[in-house]
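Engineer:
Protein chains in written order, with the numbering used here: chain A, 1 to 496; chain B, 1001 to 1632; chain C, 2001 to 2199; chain D, 3001 to 3100; chain E, 4001 to 4508.
(1) Give the DSSP-derived three-state secondary structure of residue 2147(C) in the structure shown.
(2) Hey, is the stretch 271–288 of chain A in contact with the stretch 375–392 of chain A, meaning 3+ C-beta pairs nearer than 8 Å?
(3) Looking only at its own chain, which residues have a Cβ that is under 8 Å from the Cβ of residue 4415(E), when we skip the five neighbours before and after it?
(4) Using alpha carbons as the reference points, say which of 470(A), 175(A), 152(A), 73(A) lies closest to residue 2148(C).
(5) On a CA-only basis, which of 4108(E), 4079(E), 4397(E), 4491(E) is nearest residue 4022(E)? Give me that one, please.
(6) How long is the line joining the alpha carbons of residue 1608(B) and residue 3040(D), rounded to whole angstroms?
(7) In whole angstroms, give me the CA-to-CA distance for residue 4424(E) and residue 1516(B).
(8) Once you ignore the five residues that flank residue 95(A) on each side, which residues in its own chain have a CB closer than 7 Å to its CB?
(9) Between residue 4281(E) and chain B, is there a C-beta pair that is closer than 8 Å?
(10) Just checking my contact of residue 1241(B) with residue 1291(B) at CB under 8 Å: how many whole Å lie between their CB atoms?
(11) Tell me whether the beta-carbon of residue 4112(E) lies closer than 8 Å to the beta-carbon of residue 4031(E).
(12) Since residue 368(A) sits in a beta bridge, which residues does DSSP pair it with?
(13) Please confirm whether residue 2096(C) has its beta-carbon closer than 8 Å to some beta-carbon of chain B.
(14) Measure the C-alpha to C-alpha separation of residue 3073(D) and residue 137(A) and round it to an integer number of angstroms.
(15) Any beta-carbon of chain D closer than 8 Å to the one on residue 1595(B)?
(16) Rounded to the nearest angstrom, what separates residue 4178(E) and residue 4215(E) at their Cα positions?
(17) Determine the direct distance from the alpha carbon of residue 4081(E) to that of residue 4130(E), and round the result to whole angstroms.
(18) Residue range of the beta strand (DSSP E) that residue 4064(E) falls in?
(19) Can we say the stretch 467–481 of chain A touches the stretch 392–404 of chain A, given the rule of at least three CB pairs closer than 8 Å?
(20) Please classify residue 4492(E) as buried or exposed, where buried requires at least 16 neighbouring CB atoms within 10 angstroms.
(21) By Cβ distance below 6 Å, which residues in the same chain neighbour residue 4012(E) in space, the five residues on each side in sequence not counted?
(22) For residue 16(A), count the other beta carbons within 10 Å of its own beta carbon; 16 or more makes it buried, fewer makes it exposed. Which is it?
(23) Quick one: using the 10 Å Cβ neighbour count with 16 as the cut-off for buried, is residue 4105(E) buried or exposed?
(24) Hey, residue 112(A) and residue 20(A): beta-carbon distance below 8 Å or not?
(25) DSSP beta-bridge partners for residue 4073(E)?
(26) Check whether chain E comes within 8 Å of residue 1560(B), counting only Cβ atoms and requiring the distance to be less than that.
(27) Can you give the Cα-Cα distance for residue 1067(B) and residue 4387(E), rounded to whole angstroms?
(28) Around the Cβ of residue 1622(B), are there at least 16 other Cβ atoms within 10 angstroms (buried) or fewer (exposed)?
(29) For chain D, find out if any of its Cβ atoms is closer than 8 Å to the Cβ of residue 2180(C); answer yes or no.
(30) Could you tell me the distance, in whole angstroms, from the CA atom of residue 2188(C) to the CA atom of residue 2174(C)?
Take a look at the structure:
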């Protein structure tokens, strides 16, 4: 017989679990409210969600650094705090996009908001653990919620998007599981710190190399899918096109942050162990991703699709930083996404407000470039703001993404990868072309259709969001310093 | 006091130019011409006073107005020096300018751009004054370029004339001729600049005195280099072979311009430069000898072309060219003061000749072909006298100025023992006499070949004729001041004395030259006094055609330089810039764009393909991992 | 070979080979058959056999869960779905060309086999959560599950909740018509900003 | 004696069979079957490793993989249902409006 | 006025922001007023500038990202002072002469933003801030070319943007590497130029860094063979765009060489003298010939810009005070002269809506004032003494003669071929009979055009005759820089090539 197990409540360190519990509780509250009263306006749920997330954010910030909780399953290190903060902030800024003036199917479901909160919780679990099981479960929770959110947009394209995302996600899940199995087989453990320990002792066994590589490669495949790295990115353009702009903006930032955290934990460990081929592989994939996604973005006719490719390329850019595995590089990952988030928020919000409920611009696309032709003449302020976001994405200083880029490039230079910095630079040039294409359409062409406005979907909350994104994009230079030092402190404190 | 005079002499033309420019776009106003002439006269008075001052004191007056360029170790001031050489030039320039200004009041009477003309003309005088007065090479270069641009403006004064074919008008058009002149001069200017650079980096200064003082310390090759470079500059301005074609084409400008710029002053700037820089040329005998040889060659070469030319002004232009050759011959042989003397004397009679030609043109309604003239002496006697006198001077007939100056040059050639040069110069003197009088006879003697219905020749205004008289007087008497002039300028320039040997032969030499000159005149008289008898056979002969077409040199330049240049330019633009350089750039962009198109095919939209891609990725990575593991 | 035969005649060996053979065959049918019913039946059978693996490996609890969850729940879901989709008849698919698929599948099999064939097993590895002698697997698992893995367990619950909500709302009637693609009902929301919407 | 590798190889083979299914299937329902095959294959591996290391983590993992598979089925079928309602087909070849 | 530089940088930007609320019809006056105030501010800067001080003045330093070593760090010295003045002046004159009819307000706002970025580039002493303004300047220019340009405007604008952007990103990598090197040697992050100056790098590092910076600057200059964006940009841009582009934007490249490449990498710069000189000479001769082949007046001037920038490049790499100082001066003179020439072409384009030389002929008779001003700018362009064009060109050539007489002669051919294409342009358009009926009644310069061109004429003459007030501060700063480079250089070859002016030596 087994001894009875005594667990003191203190040793569980329940506080580490609090943020996720808050999000889950919030979701449940929303479900309950829905049970009691039907037909409440979406604004209620949006605000509830925001409130819950704010509390969540507060509890994350209140966490102590480098603690483990709940039988060491939960790991609260700097990286998880930073990423949780980013995830929650991202969620807070994106969810109000639901408050568009037009009614969209998904927002009529209170469940949408519940799922949203569950998804946030899932991401939080994913980043706040070094246990592959919890990571996997958190990932799947979030992914399943996300698939549903996409499908809820309820039109043909969004189903297609959901199906594509889901199916590939299922395949990726298979690879993740297989990779984990292989790592487990090698180390007898599914906790990353332990894996590192054991693998460190086994790294010398040459016969094992193939299995070690294989294990990491399989996990890389699944994370590459999540991060939309070449050639596992194929879902991204279609899903981005099919999902609603509000969600796409979110998807291109938050899930990626979560996936990057896992990638940092897994591959950072691998690279620290001196498994150079992993670094090489990641570099190759990263370079391929940023380059090929960029050149594919060149030929897109639709802005949203272009932004999809561009976010693939941005992911490649950041992935390259991951391969460097220095504190600066890891800092730059979060800095980049923090800065990218605001610009992306703005860009997708602009697409979102220009979204017509039913009528598409042409048979194929919602947001083809032609739609924005002569934007400056139709709506000067909108055009200027959108132009700003495009320039920021292109990496024109002093807008936010520039600082992310420069930091990533600096990290590459510092790590001795000057060629990588050059590749990044040249890729930024290619990227500048398609961002400019939109700018050109907006500023330099005449309107194609006789429309007075394409602010189909604008509302005051959206204006506030866009205003916020604009300020954050423009004023990046003023908050870079605290942001960098905070992230750097957090990252270095957690030893990455 | 003297400083003020220097400034007056220098700036009066500038004031005149600016004053005229104020009316540049308004109606013709006679007072503009009058005031310009008065200001020029002021300049002349100031120059003359200075000349007297320098003559009496024997000391140069140097003034420094202000710094111009100062950078690094380079320091260039606006500094002026009035010494024996520059004051001679100043007086000559301001005198002739004054006369030409007055002349122009009459000559440009009917031109609607009357005011503009005076503005340009005075601007030219100002530039010329800067050129001669500057105390450093950079200042000289200012004037050098200034006269160039004024010459450009003035040659192209009648810019509205259309381009013609080379057969109809050898100079094509005034604007074409102007550009040609400017560009050719620029080629030479580059040489000049290089000369400046050589001097600067070896001496550290561009001041004349500093440079000349440093000459003994410099290597011979540096000196040679500087001398060659400076002389290239002089070749352009003084239209020496092979940069000579612009001068005859420059005759497209109004005749007073030809008189002032292309006869008396600007074209002599090259000679002036050699004289000014005599300490440099004195220590570079090879270069100097080359100068002399080239000068002699040009003298002969130009005279040969003048023999058959039918254009009144071009003949005079060739003669100018030829006389410049004489001057260079003298300067090259070390007889700087003789060169200067000939320069001054030549200025007088050549200006007179041109102004006379201007009168003829005025009378003939701008007809220039001497074959279409004849018998003009009946209607324009004073002009006939002036031109006859000037031609006699040019031919070097005693006791006119030309005799003294040219004879001295020929003697110098003999004295230096360069007999080939001497022979050529003597022959040239004969040719000079021939073509001068060919022109005089064809113009003024014989039958009236012009169309009486259309042309009613008439004499120039009185005041113009009076204004020309100082030139005529000077052309006659200048020779007698040779001795005085020598003592005056040789206090600055090296003295040049004929050797005993030459002294011995001096009468003989003079006689030979005079013989050739008189022979030339006689030949012309026999052939042309009666009228024009055209000799078809002669006119169709190779030599005649060669000479009439200026040895085909302009055509050669066009075919060998202008056209290939235009062609290469075109090739560079279309062939290289657009096709190679730009296309490479665009090619990269297109390549990327096209590879985007290729790559997007991966994105078929079919989930099954996506899954396949994913599997491909995974398998490739696994294979790579396996291979790496097996190798490593 | 002898080794193979020797192992074949142990219980574990025999069961292993039998199950292996059968699962491979059954799953092969699952992926290759054009008939949904066959595919599903073979999938279900294969899953039962996999629970057999679990039993051999002493993971009794897992075996039971496998049977209940997969064979019970999942297959039931699939059956309902199959009926919903009216997919009982032969499915006509233009399957991806065999060469590509089998090259990829074969290569991946080869690679995975190569990787797993490496001497992965190491005696030196200390079990973090060892099984206890004489204690039932279910009890062992229960203890670990409700201590160490309590959080993942709860998250899994959350995941199932998410799946449930997702299933319910996606399959619900409300999805039959799209609010997004309906133009009415919108008027009144922030009219000032959208006045020029449509002409 | 049956070693760990035996099980792992079987797992690998089953995984590859699942992969082949995923790759060749055009019918979504059938494709989902193949993904189940893959996850089951992984579970064998986990159970086997768990057994040979005498460690429960593997069984835990397998347990959660089963849970995940079940959830995926629920969500996947939900999506399939709305898709089917809209398109009347589950064939992937009909599902390629977004491309490029 | 410690913060005059910040005021100079941000005043136009703030004015541009406020400009959004200005009424359309008043925008022009607003623009002129703002630009005039800015210009007077810059004049004030000049008056308060201590010409005898060779170092940086009016320095402002505010840490922005201290962890990363990025500071808001501004300052001027003799080299940048006058480029700033020229920037503000050309902007003012550009706005005064603005002939755009559509969207004038947008144009004014864009121009004011552009002015901010341009001034910013020249006052920045921090690499990142420099880069920031450098890149930002592309955006308004993109808009100006693209929105108001000719038929190929979008192509031209995008080409301009991307080409420059590509170069500058490579430069950025160089900057980052420089910062990294600084950090690894000193342990502190810094992008401040003055800090970088103190860094003595091994030659191999210098070579690579020089190459990185070279690409960034060379594309901007634009050096052969990176110049092909320029003819398009100029050809398609509206007048104001060409004016600003030629006058100021191109100078950023050459300024970058003076400010970054030379003092940071003296040894590499010396090694690079020959290749750069060769490229510069190709630039000078080749583009001058291409200019001759052009049919479009504006293209002639565009290519001539490239040719003149070749002279500037050559001077910078003369490594002596004459050459570098001459280059700086030539930047000013080219800015003013080519700016004026572009304005002049704009004048005729406004009237006839064509820039083809064939379409004209005999304009001098119809538009005498115009012809006079064109003529003055023409002679300034071909470098006639007593115009602004001569001083720089002369100094550059005399400076480079010390490096290589042969190359100087080759480069000096620019005075010949320069006059070839300029005179041929002038002849084709202005001389000859008036052949086209449309040209007979062209209006001469109106008041607006006259008043924007006359100041330029005045400056062309004034600085041609009396460049001392400008040359002296430049001289000081350049001498100090050379002195510094000489001390910093590590190889003997570099020490031999870098010529410290004798006067500085004596002063020591």
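Glycine included, C-beta positions come from ideal geometry on N, C-alpha and C.
Structural biologist: A quick look at the data gives this:
(1) Residue 2147(C) sits in coil when the DSSP states are folded into three classes, being neither helix nor strand.
(2) Taking 8 Å as the limit for Cβ pairs, the verdict is that the stretch 375–392 of chain A does not touch the stretch 271–288 of chain A.
(3) 4382, 4383, 4393.
(4) For the residues 470(A), 175(A), 152(A), 73(A), the minimum Cα distance to residue 2148(C) belongs to 73(A).
(5) It is 4108(E).
(6) CA-CA distance, residue 1608(B) to residue 3040(D), rounds to 21 Å.
(7) Using only the alpha carbons, I get a separation of about 45 Å.
(8) Excluding residues up to 5 positions away in sequence, 46, 49, 50, 116 lie with their Cβ nearer than 7 Å to the Cβ of residue 95(A) in the same chain.
(9) Judged by the 8 Å Cβ criterion, residue 4281(E) is not in contact with chain B.
(10) Residue 1241(B) to residue 1291(B), Cβ: 12 Å. No contact.
(11) Yes, they are a contact pair.
(12) Listed as beta-bridge partners of residue 368(A) by DSSP are 302(A).
(13) Any Cβ of chain B closer than 8 Å to the Cβ of residue 2096(C) would place that residue at the interface, and such an atom is present.
(14) Cα-Cα distance, rounded: 15 Å.
(15) With 8 Å as the cut-off, residue 1595(B) does not count as an interface residue toward chain D.
(16) Using only the alpha carbons, I get a separation of about 15 Å.
(17) Between the C-alpha atoms of residue 4130(E) and residue 4081(E) there is a straight-line separation of about 15 Å.
(18) Looking at the DSSP string, the run of the beta strand (DSSP E) that includes residue 4064(E) is 4057–4065.
(19) Yes, they touch.
(20) Exposed.
(21) Short of 6 Å from the beta carbon of residue 4012(E), and not among the five residues preceding or following it, lie these beta carbons of its own chain, in chain order: 4038, 4112, 4115, 4116.
(22) Burial call: buried.
(23) Here residue 4105(E) is buried: its Cβ has 16 or more other Cβ atoms, across all protein chains shown, within 10 Å.
(24) Going by C-beta atoms, residue 112(A) is not nearer than 8 Å to residue 20(A).
(25) 4061(E), per the DSSP bridge assignment.
(26) Output row for residue 1560(B): interface = no.
(27) The straight-line gap from Cα to Cα measures roughly 15 Å.
(28) Residue 1622(B) is buried by the Cβ-count criterion.
(29) No - not a single Cβ of chain D is within 8 Å of the one on residue 2180(C).
(30) With a pLDDT of 45 at residue 2188(C), under the threshold of 50, the modelled position of that residue is not reliable, and the figure given next carries that caveat. Between the alpha carbons of residue 2188(C) and residue 2174(C) lies a distance of about 23 Å.
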